[in-house]
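Sequential numbering from 1 applies to the sequence shown in the numbering used here. No residue lacks a Cβ here, since even glycine has one placed at the ideal position from N, Cα and C. Worksheet: the structure to be examined is printed underneath.
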Amino acid sequence: MEMNKWRLISNGSDTEVARIIVGWDLGVFDMVNVAMSSQWVTCSVHSVMHGSDITASFFYGHNVPATRQEMWEYIKGNRAIYKDHPWVLMGDFNATMKPTNSEGGDPSWSRQKQEFGQCLHQAELHTVPYRGIKYTWHNGQKGEGTIMKKLDWVIGNTALAIDWPNAMAHFFPISVSDHSSMLLQLRQDHLKPKPSFKLTSKLQLVKACLKHWHKVNINNISLRVNKAKADWDEAQMRLDANPREISTPITKEEIQAALFSIFDSKAPGPDGFSARFFKAGWSIVGEDFVAAVQDFFISNSLPKCVNATTLALIPKVENPSTLDEYRPISCCNVVYKSISKVLATRLKKALEHTIGVLPPLPNNNGQFSVGKMFFNGWGKGS
Numbered sequence: 001m002e003m004n005k006w007r008l009i010s011n012g013s014d015t016e017v018a019r020i021i022v023g024w025d026l027g028v029f030d031m032v033n034v035a036m037s038s039q040w041v042t043c044s045v046h047s048v049m050h051g052s053d054i055t056a057s058f059f060y061g062h063n064v065p066a067t068r069q070e071m072w073e074y075i076k077g078n079r080a081i082y083k084d085h086p087w088v089l090m091g092d093f094n095a096t097m098k099p100t101n102s103e104g105g106d107p108s109w110s111r112q113k114q115e116f117g118q119c120l121h122q123a124e125l126h127t128v129p130y131r132g133i134k135y136t137w138h139n140g141q142k143g144e145g146t147i148m149k150k151l152d153w154v155i156g157n158t159a160l161a162i163d164w165p166n167a168m169a170h171f172f173p174i175s176v177s178d179h180s181s182m183l184l185q186l187r188q189d190h191l192k193p194k195p196s197f198k199l200t201s202k203l204q205l206v207k208a209c210l211k212h213w214h215k216v217n218i219n220n221i222s223l224r225v226n227k228a229k230a231d232w233d234e235a236q237m238r239l240d241a242n243p244r245e246i247s248t249p250i251t252k253e254e255i256q257a258a259l260f261s262i263f264d265s266k267a268p269g270p271d272g273f274s275a276r277f278f279k280a281g282w283s284i285v286g287e288d289f290v291a292a293v294q295d296f297f298i299s300n301s302l303p304k305c306v307n308a309t310t311l312a313l314i315p316k317v318e319n320p321s322t323l324d325e326y327r328p329i330s331c332c333n334v335v336y337k338s339i340s341k342v343l344a345t346r347l348k349k350a351l352e353h354t355i356g357v358l359p360p361l362p363n364n365n366g367q368f369s370v371g372k373m374f375f376n377g378w379g380k381g382s
């Protein structure tokens with residue numbers, strides 16, 4: 001490696017020891033220092049080969065929680081500056097996000113330990129997907145004195161997720177240092193993200209705007225969401241005829257009909273967006289919504305953010321004391337519901353030709369009839 005092609009900067013000075021050193025190959029990157037402190041170095045990064053630009057902040061948080069306040073304020077203060085530009089934050093933040101990020105030592109979860117997660121929430125940042133070891137720091141002791149924590153992170157904003165949906169961080173086993181080394185991989189196939197990921201990323205941007213509107217117009221009062229019962233039944237049927245009717249490409253009209261058949265009053269899923277939102281903004285989000293649903297039928301896969309479900313327990317009686325006195329309901333995302341409705345509509349057309357009236361099963365536990373199915377006391381009208 002020819003070091004004369006490399007450049008280095010640090011946050012050291014005549015009175016301060018360098019805590020962060022950033023180096024880059026001039027043949028690969030053009031980098032300009034934007035901001036510097038004892039806990040961070042922020043650079044504007046330009047890829048010479050690919051012409052892409054991101055902002056990268058490298059962190060080394062202080063051990064004292066009170067001193068880290070300056071770092072949290074810096075991160076939150078730059079949210080608006082980089083909201084439309086890819087921003088990656090990486091390094092040793094000397095902080096965990098949740099109790100499961102540590103093993104051994106003090107198990108309490110104090111207010112100071114919550115500051116990192118609260119900072120990322122307010123700055124609308126998220127962890128970049130990663131592979132490798134769970135804990136990135138080890139105190140070097142064995143037995144009961146062992147303490148392990150995840151203190152090293154790679155964080156990104158929504159713009160980074162949109163431009164680089166395949167970004168992946170790697171954390172390698174601890175060797176010489178007491179910390180894990182890390183690598184951020186930005187693959188060049190980022191120009192063709194999955195349609196479902198594009199939709200969810202754009203919804204993240206919408207959510208940020210809604211938060212601001214909510215804060216300005218209705219005094220930052222928490223929105224009251226009426227959760228309605230969401231019935232969801234899955235039935236596996238053996239289809240012996242008319243497979244062509246099921247396997248033809250899914251059309252825009254089918255997807256739109258499925259979405260508009262969902263009641264506006266139905267509770268939203270974990271992403272917080274109801275069917276009413278997509279209906280009202282169909283002229284804006286319709287194309288992305290259709291592409292996301294069609295992609296599922298092509299790729300046979302769904303991102304976790306689309307497949308997520310909120311489970312709630314509704315009491316059947318006053319003052320319930322046992323689990324069977326609750327009724328579970330599931331709140332799914334609207335994209336997921338629309339996919340299911342498209343599937344149900346396709347299956348209905350085929351089932352009309354394959355299922356006829358059958359005699360009741362023993363003990364009247366189940367029966368089939370055209371257009372409906374009853375089984376063990378519950379029914380779903382198709």
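Considering residue i, what are the terminal residues of the alpha helix (DSSP H) in which it resides?
{"i": "methionine 71", "result": "65 to 77"}
{"i": "tryptophan 282", "result": "282 to 299"}
{"i": "isoleucine 162", "result": "158 to 163"}
{"i": "leucine 120", "result": "115 to 122"}
{"i": "lysine 304", "result": "304 to 307"}
Taking the DSSP output, what are the residues bridged to residue i?
{"i": "leucine 313", "result": "Pro328"}
{"i": "tyrosine 336", "result": "Note: tyrosine 336 sits in no beta bridge, so no partner."}
{"i": "proline 170", "result": "Going by the sequence as given, residue 170 is histidine instead of proline. Histidine 170 pairs with Arg131, Leu183."}
{"i": "threonine 251", "result": "Answer by DSSP bridge pairing: none, since threonine 251 is not bridged."}
{"i": "leucine 26", "result": "Answer is none; leucine 26 lacks a bridge partner."}
{"i": "threonine 42", "result": "Ala35, Ser57"}
{"i": "tryptophan 153", "result": "Gly91"}
{"i": "methionine 148", "result": "Glu103, His138"}
{"i": "isoleucine 47", "result": "With the sequence shown as reference, residue 47 is identified as serine, and isoleucine is not the correct amino acid for it. According to DSSP, serine 47 bridges with Phe29."}
{"i": "histidine 126", "result": "Gly156"}
{"i": "isoleucine 21", "result": "Ser10"}
Going by alpha carbons, who is nearest to residue i out of the options?
{"i": "glutamine 122", "options": "Val128, Gln114, Pro129", "result": "Gln114"}
{"i": "glutamine 118", "options": "Glu103, Glu73, Phe278, Ser102", "result": "Glu73"}
{"i": "methionine 148", "options": "Asn101, Asn166, Leu183", "result": "Asn101"}
{"i": "valine 290", "options": "Glu254, Val88, Phe58, Ala280", "result": "Glu254"}
{"i": "leucine 199", "options": "His126, Ala280, Gly286", "result": "Gly286"}
{"i": "valine 48", "options": "Met31, Tyr60, Phe59", "result": "Met31"}
{"i": "glutamine 39", "options": "Asp25, Phe58, Leu125", "result": "Phe58"}
{"i": "alanine 292", "options": "Gly77, Asp84, Gly140, Ser196", "result": "Ser196"}
{"i": "methionine 168", "options": "Ser177, His179, Gln185, Val88", "result": "Gln185"}
{"i": "aspartate 84", "options": "Thr127, Asp163, Pro129, Met71", "result": "Asp163"}
{"i": "glycine 387", "options": "Gln141, Pro86, Asp92", "result": "Residue 387 falls outside the range modelled here, since the chain spans only 1 to 382, and no answer is possible."}
{"i": "lysine 266", "options": "Phe277, Ala56, Ile284", "result": "Phe277"}
{"i": "isoleucine 155", "options": "Gly12, Leu120, Arg327", "result": "Leu120"}
{"i": "histidine 46", "options": "Ser338, Ala35, Pro86, Leu259", "result": "Pro86"}
{"i": "leucine 183", "options": "Pro165, Pro129, Ile75", "result": "Pro129"}
State buried or exposed for residue i, treating a residue as buried only when at least 16 other CB atoms are found within 10 Å of its CB.
{"i": "histidine 50", "result": "exposed"}
{"i": "glutamine 386", "result": "This structure gives no information on residue 386, because the portion of the chain shown stretches from 1 to 382."}
{"i": "tryptophan 6", "result": "exposed"}
{"i": "isoleucine 20", "result": "buried"}
{"i": "threonine 248", "result": "exposed"}
{"i": "alanine 18", "result": "exposed"}
{"i": "leucine 323", "result": "exposed"}
{"i": "isoleucine 54", "result": "buried"}
{"i": "serine 213", "result": "In the sequence on display, residue 213 carries tryptophan and not serine. Exposed."}
{"i": "alanine 275", "result": "buried"}
{"i": "threonine 96", "result": "buried"}
{"i": "asparagine 376", "result": "With a pLDDT of 34 at asparagine 376, under the threshold of 50, the modelled position of that residue is not reliable, and the figure given next carries that caveat. Exposed."}
{"i": "asparagine 94", "result": "buried"}
{"i": "valine 357", "result": "At valine 357 the pLDDT is 44, less than 50, meaning the model places this residue with poor confidence and gives no usable figure here."}
{"i": "serine 261", "result": "exposed"}
{"i": "valine 176", "result": "exposed"}
{"i": "alanine 280", "result": "exposed"}
Tell me which residue opens and which closes the beta strand (DSSP E) that residue i is part of.
{"i": "alanine 55", "result": "First, the amino acid is wrong: residue 55 is threonine here, not alanine. Start and end: 53 to 60."}
{"i": "valine 88", "result": "87 to 92"}
{"i": "serine 10", "result": "6 to 10"}
Subject >> the stretch 314 to 322 / the stretch 271 to 286 touching (three or more Cβ pairs under 8 Å) >> reply: no
Original post:
Quick check: the stretch 201 to 210 against the stretch 145 to 160, are there 3 or more CB pairs under 8 Å?
Top reply: yes
Original post:
Any chance the stretch 299 to 309 sits against the stretch 340 to 347, with 3 or more Cβ pairs inside 8 Å?
Top reply: no
Original post:
With contact counted as at least three CB pairs below 8 Å, one residue from each stretch, are the stretch 91 to 110 and the stretch 51 to 65 in contact?
Top reply: yes
Subject >> Segment contact, 8 Å Cβ cut-off, at least three pairs: the stretch 76 to 84 with the stretch 126 to 146 >> reply: no
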